[in-house]
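Working notes, beginning with the structure itself.
Shown next, in the form of structure tokens:
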């Protein structure tokens, strides 16, 4: 009994070793390759969806030089060449200090505003050996209005010029072509024009990207403000709504959009968009991004 | 008792034959390079896996596209997103055979050889023959090769906008230092 056992065992071993021998190299190789973590890349093409930030950021030692323009409103008509006679500019330098921290400084011609921001990548969407359904980042910025103080009779503090922005960016690349982002936002303005204006603004942003081809995508973005300014104010404020396309050509990304906001920074386009799509208060605009490897 | 001894010997020899038969390199180097007046592009991976069957002369390579790294982060993104479509085609493979293989090839100093096989890139398979080198160097079995690949042959489309920046041909360099399989 014992002997036959041993014989059987021996045969099995012989068979096994022979089997391993005849295994195809491909199968052997597959056994050797460790499962990897596949991170979702290019959830959005640029660091902005349209006006607001996307989950994307500069990798380490990469510098992004951005120039953005917003023209006047289309309802200017032919007299104002549909808004092209006027334009606001914003330019910025944005740098990846590490793969998870990006810093930037910029200047907008609207209200002569300087801004600085930091974007922290906290979670990356991944599949494979490590699975994470969403990507999550924290964005914070300070904007400084440098227009001359208009009322010489009151005490003007430096702090009155500051606006603080805090955003959580939650994004998911659903498939090769479609990505979506939710952006809960809290903005604090130290100083507002009238007592009917809100110092604290709560908003929710939603943005999406649909890839039309390898180098072209369609984007849309909407910011809903939970506590818009009082309707008794002379100036009406609207939710920021934009549609645009991204065109990518190697080191450049061109973003061309139609939007009802003139501002290009969170502190202006979220709480202070004064034009409305329904009245033709639509601005043509573009962002150009050029990335340098330092 | 005799049977057990016989079994042990059998086991020993089978494992021995097995170890002698195949060689593996898990950190082989693979790069591709293109140079134009506008831009030089160099993608490198040090995580290519290759197995060589020392009995038959069969040789195989596998590379995960996401293990390739570039100087510019943007190049890496474009490589995976626009050109290789790495989510659709995560691996490139080569399965080939050394022409006129003899067992002496793996025990003698480095010499020129020819390998013919199927290269799978971007989901497209093509039979290619490449000149390569194989043999012992400082007591280690090494293999290397240098050959050109045309991206268009593998259905990789390069838009006219960036045509000036990406060479018509990619120079592929492979370097592997093998160890006996299972060590």
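Protein chains in written order, with the numbering used here: chain A, 5 to 298; chain B, -12 to 170. Quick reminder that beta carbons are idealized off the backbone N, C-alpha and C, glycines included. Just so we're clear, the structure is a prediction, and the values are computed from it rather than from any experiment.
At least one beta carbon of chain A lies nearer than 8 Å to the beta carbon of residue 69 (chain B).
Per the Cβ contact rule, the region 133 to 140 of chain B is in contact with the region 108 to 115 of chain B (3 or more Cβ pairs under 8 Å).
Cβ-Cβ distances below 6 Å link residue 273 (chain A) to 55, 244, 265, 267 in the same chain, with the five nearest sequence neighbours on each side left out; the list follows chain order. Taking 8 Å as the CB threshold, residue 35 (chain B) stays off the interface with chain A.
Secondary structure within the region 166 to 204 of chain A: the beta strand (DSSP E) runs of 3 or more consecutive residues, fully enclosed, are 166 to 177, 182 to 193 (chain order).
About 7 Å separates the beta carbons of residue 149 (chain B) and residue 253 (chain A), which is inside the 8 Å limit, making them a contact pair.
Residue 114 (chain A) carries a helical assignment under DSSP once its states are collapsed to helix, strand and coil.
The residue from A:269, A:271, A:215, A:259 with its alpha-carbon nearest to that of residue 291 (chain A) is A:259. For the pair residue 134 (chain B) and residue 10 (chain B), the Cα-to-Cα distance works out to about 23 Å.
Note on geometry: alpha-carbon atoms of residue 143 (chain B) and residue 104 (chain B) lie some 20 Å from one another.
Within the same chain, Cβ atoms closer than 8 Å to the Cβ of residue 165 (chain B) are found at 10, 11, 12, 37, 39, 127, 128, 129, 130, the five residues on either side in sequence being excluded. By the neighbour-count criterion, in which 16 or more other beta carbons inside 10 Å mark a residue as buried, residue 147 (chain A) falls on the buried side. Chain-order list of chain A residues neighbouring residue 74 (chain B): 42, 180, by C-beta distance under 8 Å.
By the Cβ test, the region 73 to 92 of chain A is not in contact with the region 160 to 168 of chain A, since fewer than three Cβ pairs between them sit closer than 8 Å. Annotation for residue 154 (chain B): 21, 22, 23 place their beta carbon closer than 7 Å to its own, counting only its chain and skipping 5 residues before and after. Residue 282 (chain A) and residue 238 (chain A) have their C-alpha atoms spaced approximately 18 Å apart. Proximity of chain A to residue 13 (chain B) at the Cβ level (cut-off 7 Å) is accounted for by 36, in chain order.
When Cβ-Cβ separations below 8 Å define contact, residue 102 (chain B) makes no contact with chain A.
In this structure, residue 30 (chain B) keeps its C-beta atom at 8 Å or more from the C-beta atom of residue 88 (chain B). In this chain, the beta strand (DSSP E) harbouring residue 37 (chain B) covers 27 to 40.
Straight across, the Cα-Cα distance linking residue 177 (chain A) with residue 73 (chain B) is about 15 Å. In this structure, residue 63 (chain B) sits near residue 56 (chain B), with a CB-CB distance shorter than 8 Å. Beyond the five residues adjoining it in sequence on each side, residue 60 (chain A) comes within less than 8 Å, by CB distance, of 46, 47, 48, 49, 50, 51 in the same chain, given in chain order.
By the Cβ neighbour-count rule, residue 188 (chain A) is exposed, with fewer than 16 other Cβ atoms within 10 Å of its own. Contact annotation, residue 270 (chain A) with residue 145 (chain A): C-beta distance approximately 6 Å; criterion of less than 8 Å satisfied.
Contacts with chain A at 8 Å (Cβ-Cβ) do not include residue 89 (chain B). In the three-state reduction of the DSSP assignment, residue 144 (chain A) falls in the strand class, which pools E and B. Across the set B:66, B:95, B:120, B:96, the C-alpha of B:66 shows the shortest separation from the C-alpha of residue 28 (chain B).
DSSP places residue 56 (chain B) in no beta strand (DSSP E); its state is neither H nor E. According to DSSP, residue pairing for residue 41 (chain A) in a beta bridge involves A:132. Beta bridge pairing from DSSP links residue 94 (chain A) with A:72, A:112.
Non-local beta-carbon contacts of residue 78 (chain A) in its own chain, meaning distances under 6 Å to residues more than five positions away in sequence, involve 86, 87, 284, 286 in chain order. At a C-beta separation below 7 Å, residue 255 (chain A) has these neighbours in chain B: 61. In chain order, 132, 133 place their CB closer than 7 Å to the CB of residue 40 (chain A), counting only its own chain and leaving out the 5 sequence neighbours on each side.
At a cut-off of 8 Å, the C-beta of residue 24 (chain B) has no neighbouring C-beta in chain A.
Per DSSP, residue 36 (chain A) has no beta-bridge partner at all.
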